[in-house]
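With full-length UniProt numbering, letter number 117 in the sequence shown gets 117, and the count goes up by one each step, no holes.
Glycine is no exception: its CB is placed at the ideal position from the N, C-alpha and C atoms.
No experiment lies behind these values; they were computed from the predicted model shown.
See structure below.
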Amino acid sequence: MKAVVWHGIGDIRLDDVPEPQLQEPTDAIVRLTASAICGTDLHFVRGTMSGMVPGTILGHEAVGVVEQVGADVRNFAPGDRVVIPSTVSCGYCPPCREGNTAQCDNANPNGPSAGTAFYGGPLCTGHLRVEAVLDGKSLNV
Ligand SMILES: [Zn+2]
Ligand SMILES: [Zn+2]
1 MKAVVWHGIG DIRLDDVPEP QLQEPTDAIV RLTASAICGT DLHFVRGTMS
51 GMVPGTILGH EAVGVVEQVG ADVRNFAPGD RVVIPSTVSC GYCPPCREGN
101 TAQCDNANPN GPSAGTAFYG GPLCTGHLRV EAVLDGKSLN V
């Protein structure tokens with residue numbers, strides 16, 4: 001599939017990358033119907049936010065249709081239309097239950113003190129990514 005990939009400051013390319021695969025039983029694959037560039041992405045392009053890893057697929061906000069879900073996904077099914085927000089959260093930890101989902105204790109694989117987890121960012125944000133397939137071509141957000 002095609003993806004917008006960060007190779008370095010000022011070096012962003014449209015690359016061929018492997019098709020998305022479910023990696024965890026809580027994962028989902030979403031076919032994008034719309035997305036946009038976020039101001040946060042510009043920090044990575046300009047180099048004003050450190051910790052980016054070459055090869056990171058950029059993007060973290062979109063809408064689309066669920067194509068595939070892992071065995072532990074209960075609230076979504078293939079065919080559902082979804083909004084993918086910028087931050088990632090578990091929905092069941094104390095901050096999430098209080099409505100402070102950007103402070104989720106579980107979403108960032110670097111641990112609860114690592115900060116807000118979001119897709120397509122520096123290593124400290126979890127090094128997560130959104131991948132999707134759009135009209136036979138694949139994109140990431
Ligand atoms: Zn954003
Ligand atoms: Zn949480």
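Query                                                                                                                                                    : Result
Given the structure, does H7 come close to ligand 1, in the sense that its CB is under 7 Å from one of the ligand's heavy atoms?                         : no
Compute the distance between the beta-carbons of N110 and G126, then report whether it is under 8 Å.                                                     : yes
Tell me, please, which residues DSSP counts as bridged to G8.                                                                                            : D11
Should E98 be labelled buried (16 or more other beta-carbon atoms within 10 Å of its own) or exposed?                                                    : exposed
Take every Cβ of the segment 22-32, pair it with every Cβ of the segment 43-54, and state whether three or more of those distances are shorter than 8 Å. : no
Where do the N-terminal and C-terminal ends of the alpha helix (DSSP H) with L42 fall, by residue?                                                       : 39-46
Please name the residue or residues paired with Q68 in a DSSP beta bridge.                                                                               : I29
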